[in-house]
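Notes follow the structure.
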Amino acid sequence: MSTLTLAHAINGVLSVYKPKGWSSRKATDFVQYGLSNELWKEAEPIKRKQRVKIGHGGTLDPMAEGVLVLGIGKGCKELEEYLKGTKEYLVTAKFGEATDTYDATGTVIKIESTDHLTRELVMKTLPSFKGNITQVPPIYSALKIQGKRLYDYARKNIELPEPIQARSVYIEELQVINYNKNVLEMRVVCGGGTYMRSLLLWHKPLLLKPLAWTEFQKTLLLPEKTTYIAYAPLVRRINLAAVSDFISDDSLETLSVCKQLDRVTLTGCSYITDRGIINFLSKDVGQYLLSMDLSEIKNITDETIFMIAKTCKRLQGLNLSMNPPIKEECTAITDKSIVQLAENCRDLRRIRLSNWKKLTDVSITALTTYCPTLLEIDVVNCSITNNSLIQIFSKCRELRELKVNQCQSINDLAFTKSSLATIPIGKEIYYDQLRILDLTNVVMITDNTIDCITQAAPKIRNLIFNKCVNITDKGIEYLARLGRYLHYIHLGSCRLITDESIKHLASNCTRIRYIDLAACHNLGDDTVIALAALPKLKRIGLVKCNRITNRAIMALTRNSRTSVSLERIHLSYCDQLTAQAISVLVIHCRRLTHLSLSFVPAFQRQEFQQFCRPPPKEYNADYQRAFCVFSGPNVKTLRDHFRSTVHSGREHLTRRLYYHNEASRIDEINDNMHRVHTVN
Numbered sequence: 001m002s003t004l005t006l007a008h009a010i011n012g013v014l015s016v017y018k019p020k021g022w023s024s025r026k027a028t029d030f031v032q033y034g035l036s037n038e039l040w041k042e043a044e045p046i047k048r049k050q051r052v053k054i055g056h057g058g059t060l061d062p063m064a065e066g067v068l069v070l071g072i073g074k075g076c077k078e079l080e081e082y083l084k085g086t087k088e089y090l091v092t093a094k095f096g097e098a099t100d101t102y103d104a105t106g107t108v109i110k111i112e113s114t115d116h117l118t119r120e121l122v123m124k125t126l127p128s129f130k131g132n133i134t135q136v137p138p139i140y141s142a143l144k145i146q147g148k149r150l151y152d153y154a155r156k157n158i159e160l161p162e163p164i165q166a167r168s169v170y171i172e173e174l175q176v177i178n179y180n181k182n183v184l185e186m187r188v189v190c191g192g193g194t195y196m197r198s199l200l201l202w203h204k205p206l207l208l209k210p211l212a213w214t215e216f217q218k219t220l221l222l223p224e225k226t227t228y229i230a231y232a233p234l235v236r237r238i239n240l241a242a243v244s245d246f247i248s249d250d251s252l253e254t255l256s257v258c259k260q261l262d263r264v265t266l267t268g269c270s271y272i273t274d275r276g277i278i279n280f281l282s283k284d285v286g287q288y289l290l291s292m293d294l295s296e297i298k299n300i301t302d303e304t305i306f307m308i309a310k311t312c313k314r315l316q317g318l319n320l321s322m323n324p325p326i327k328e329e330c331t332a333i334t335d336k337s338i339v340q341l342a343e344n345c346r347d348l349r350r351i352r353l354s355n356w357k358k359l360t361d362v363s364i365t366a367l368t369t370y371c372p373t374l375l376e377i378d379v380v381n382c383s384i385t386n387n388s389l390i391q392i393f394s395k396c397r398e399l400r401e402l403k404v405n406q407c408q409s410i411n412d413l414a415f416t417k418s419s420l421a422t423i424p425i426g427k428e429i430y431y432d433q434l435r436i437l438d439l440t441n442v443v444m445i446t447d448n449t450i451d452c453i454t455q456a457a458p459k460i461r462n463l464i465f466n467k468c469v470n471i472t473d474k475g476i477e478y479l480a481r482l483g484r485y486l487h488y489i490h491l492g493s494c495r496l497i498t499d500e501s502i503k504h505l506a507s508n509c510t511r512i513r514y515i516d517l518a519a520c521h522n523l524g525d526d527t528v529i530a531l532a533a534l535p536k537l538k539r540i541g542l543v544k545c546n547r548i549t550n551r552a553i554m555a556l557t558r559n560s561r562t563s564v565s566l567e568r569i570h571l572s573y574c575d576q577l578t579a580q581a582i583s584v585l586v587i588h589c590r591r592l593t594h595l596s597l598s599f600v601p602a603f604q605r606q607e608f609q610q611f612c613r614p615p616p617k618e619y620n621a622d623y624q625r626a627f628c629v630f631s632g633p634n635v636k637t638l639r640d641h642f643r644s645t646v647h648s649g650r651e652h653l654t655r656r657l658y659y660h661n662e663a664s665r666i667d668e669i670n671d672n673m674h675r676v677h678t679v680n
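Structure (structure tokens):
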């Protein structure tokens, strides 16, 4: 034994339990001392002074207890491999008090009211801390600045020579265990280097009111040495949509001190101009930006896009969508700037260009050529032709979402002459990942387009064919191929389709959650009876389907599943409906949150009008008078009214007689639908 050397004594990796109150170093020394004494107890006295080589991977604060990973001998070199995975912590956070150490052992330096905090607010906010976030280590930590431990500066009250630098950490999971008053207990799964004490320092400030924005600006402008940490580098995501009326070019000047931003949302900040965005990005802010939302900002031009292309090389998402007033066009952004953007920002995954009328096939060709990994493309109401879609389907094989609404130069050839129509030679030619396709008001497409899409993208989930007036029952038959994958289908104003095709669709696509059949005048009660059998149906749109009668409404109440699934029902202009049938529907559907009955004569009475929400101010007198929409708490009030003694006494007998007469007829239809399901 005495001839052994320390290097060959023992090697490996083990985990030990570190008790509360011990530092990680103390726990390591304890294990080292015990192993060394046991190993060398029979050795010569001079050998007993040697110690086993040992080190710890990661650090647990003294106040924390849990598993500490140790490396022994050659195992010290393996610690990094063992620590690559995630760690799990149980954390208790107290709101309203700040300490100099960020934990319970420090001195309280600030107390704030927590009256505004609720469990709901905490649950809503916590998800924003997940993913890759920026974190500033606490001053009481073992990290070094200019060769000296941070805790040495803190304990000796020495001013830091420079601010503590933020660093990126990964939070995989946050689970609330308990929340009582201002104390939160939660489970955290995270990557290495994460300080639990710094976890709740917010990298995504919630700016819902002008006062919050004002206070946030003041915080950013504080001198560095007046705080323990520089807050600006912490901020990774900023959303100013809720305070858009108070944001100007000068506001962006203040925000430019946040050099670590990866997401900026400026939706609706209409006072911002090219000058503000160009100055903002010129302050070295764009180097980490992954996503920018500049939607509904009408004062930007090509100059802004050129600056984004120059400074935001890592950009993955850009939203430039506009929704201008009728008869007003957006023309300030052209192909020239979008081509430059595509050439410089080749990591783009999401691009939204709605309603920029000067964008043509040139822009789409550049985007698909230089950014072939695009996942989402929105070119609503742009001046594109079939060539754009042919380019998209040829080069963007990872495409998940495509919106080409209002692009009326597009016809069947955009699909049938594209790679979508390629004869399959193996799995790689299929667009399995395509989930959302919006073709609203692309009036020249026909059933041939649907045939092509459903064969090439068999797992598509959301399809919108609103105002595609040439679609017939044959097209709906093609849609039925999607089976369980189809969840959302909009067929508004497809006036050629009939009950038979919708019955076929419902019997094959049993997981439909949303279906809109507005202004499909050939549809009647049989359509609704078929849809009532869908187990997951949440929303159904039947506006202007005026062949629908009480028989259809009663069908929606015959299935127990609809009582807990249906949330929104649109029945405006269905003038054959009566209050008796609707009362049964409202009472049956316990989760109903929206019911529209505008222009339904039975609901023009003051008895029901008193419960509906106010009509939009822009409606003319006739529309305001006929407006009848119940939403949110108004639905519950209407339900209570139907259940009230006064109403029940007046309607009970009529309802019972009606329900009895309809029941046998609906049972017959349901039996037929059951046979259809069985055959399929």
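Throughout the sequence shown, residue numbering follows this note's numbering, covering 1 to 680 in sequence.
Heads up, the beta-carbon is just placed ideally off N, CA and C, and yes, glycines get one too.
Have a look at residue i and residue j and give me their C-alpha separation to the nearest angstrom.
i      : j      : result
Thr654 : Ile392 : Per-residue confidence for Thr654 stands at a pLDDT of 48, beneath the threshold of 50, marking its modelled position as unreliable; no derived number is given.
Val362 : Glu343 : 13 angstroms
Val469 : Phe608 : 35 angstroms
Pro205 : Gly85  : 29 angstroms
Ile238 : Asp262 : 9 angstroms
Val183 : Thr125 : 15 angstroms
His641 : Arg236 : 50 angstroms
Cys520 : Val136 : 58 angstroms
Ala621 : Val264 : 42 angstroms
His410 : Arg397 : First, the residue type needs correcting, since residue 410 is Ile and not His in the sequence shown. Their backbone Cα atoms lie some 20 angstroms apart in a straight line.
Thr578 : Pro535 : 26 angstroms
Lys53  : Ser23  : 18 angstroms
Pro311 : Gly286 : Before going further, note that residue 311 is Thr rather than Pro in the sequence given. Approximately 5 angstroms, taken between the alpha carbons.
Leu14  : Gly75  : 9 angstroms
Ala530 : Lys538 : 15 angstroms
Leu571 : Leu585 : 12 angstroms
Glu500 : Thr454 : 20 angstroms
Ile384 : Tyr430 : 24 angstroms
Ile277 : Leu252 : 7 angstroms
Ala602 : Thr267 : 42 angstroms
Ile553 : Phe627 : 20 angstroms
Ser128 : Arg187 : 15 angstroms
Thr562 : Phe611 : 23 angstroms
Lys395 : Lys336 : 21 angstroms
Ile377 : Ile305 : 17 angstroms
Leu83  : Val189 : 13 angstroms
Secondary structure at residue i, three-state DSSP: helix, strand or coil?
i      : result
Ile97  : The sequence as given places Glu at residue 97; Ile does not occur at that position. DSSP places Glu97 in strand when its eight states are reduced to three.
His588 : helix
Gln32  : helix
Thr267 : coil
Arg350 : strand
Trp213 : helix
Thr134 : strand
Lys503 : helix
Gly541 : strand
Val442 : coil
Below 7 angstroms CB to CB, which residues in the same chain sit around residue i once its five sequence neighbours on both sides are set aside?
i      : result
Cys574 : Leu542, Cys545, Asn546, Ile548 and Val600
Val339 : Val362, Ser363 and Ala366
Asn387 : Asp361
Using only the heavy atoms of the ligand MG, determine whether one of them is closer than 7 angstroms to the beta carbon of residue i.
i      : result
Cys396 : Here there are no bound small molecules, and the ligand MG is not part of this structure.
List the whole-angstrom C-beta distance separating residue i from residue j, where the pair is believed to meet the contact cut-off of C-beta under 8 angstroms.
i      : j      : result
Ile460 : Leu434 : 6 angstroms
Gly12  : Pro62  : Actually they are not in contact, since the Cβ atoms of Gly12 and Pro62 sit about 26 angstroms apart, beyond 8 angstroms.
Gln604 : Pro615 : So it is not a contact: roughly 13 angstroms between Cβ atoms.
Gly71  : Glu78  : 6 angstroms
Near residue i, which residues of its chain fall below 6 angstroms by C-beta distance, leaving aside the five closest residues on each side in sequence?
i      : result
His701 : In the structure as shown, the chain starts at 1 and stops at 680, and residue 701 therefore has no counterpart that could be examined.
Lys358 : Thr331 and Thr334
Met292 : Val264 and Leu318
Pro210 : Val243 and Phe246
Within 8 angstroms (strictly less), CB to CB, does residue i reach chain B?
i      : result
Thr472 : Considering every chain present, this structure includes no chain B. It has just one protein chain.
For residue i, which residues of its own chain have a beta-carbon under 8 angstroms away from its beta-carbon, when the five flanking residues on both sides are left out?
i     : result
Arg51 : Leu6, Gln32, Tyr33 and Ser36
Evaluate the contact criterion for the stretch 181-199 versus the stretch 152-171: three or more CB pairs, one atom per stretch, below 8 angstroms.
yes
Below 8 angstroms, can you find three or more Cβ-Cβ pairs linking the stretch 244-255 to the stretch 264-271?
Judged by pairs of C-beta atoms under 8 angstroms, the stretch 244-255 touches the stretch 264-271, as three or more such pairs exist.
Pair every Cβ in the stretch 144-164 with every Cβ in the stretch 107-121, then say whether three or more of these pairs are closer than 8 angstroms.
With a cut-off of 8 angstroms, the stretch 107-121 and the stretch 144-164 do not count as touching, because too few Cβ pairs lie within range.
Would you call the stretch 23-38 and the stretch 88-104 touching, i.e. three or more CB-CB distances under 8 angstroms?
no
Kindly confirm or deny that the stretch 460-467 and the stretch 489-499 touch, where touching means at least three C-beta pairs closer than 8 angstroms.
Three or more Cβ pairs drawn from the stretch 460-467 and the stretch 489-499 lie within less than 8 angstroms of each other, which places the two stretches in contact.
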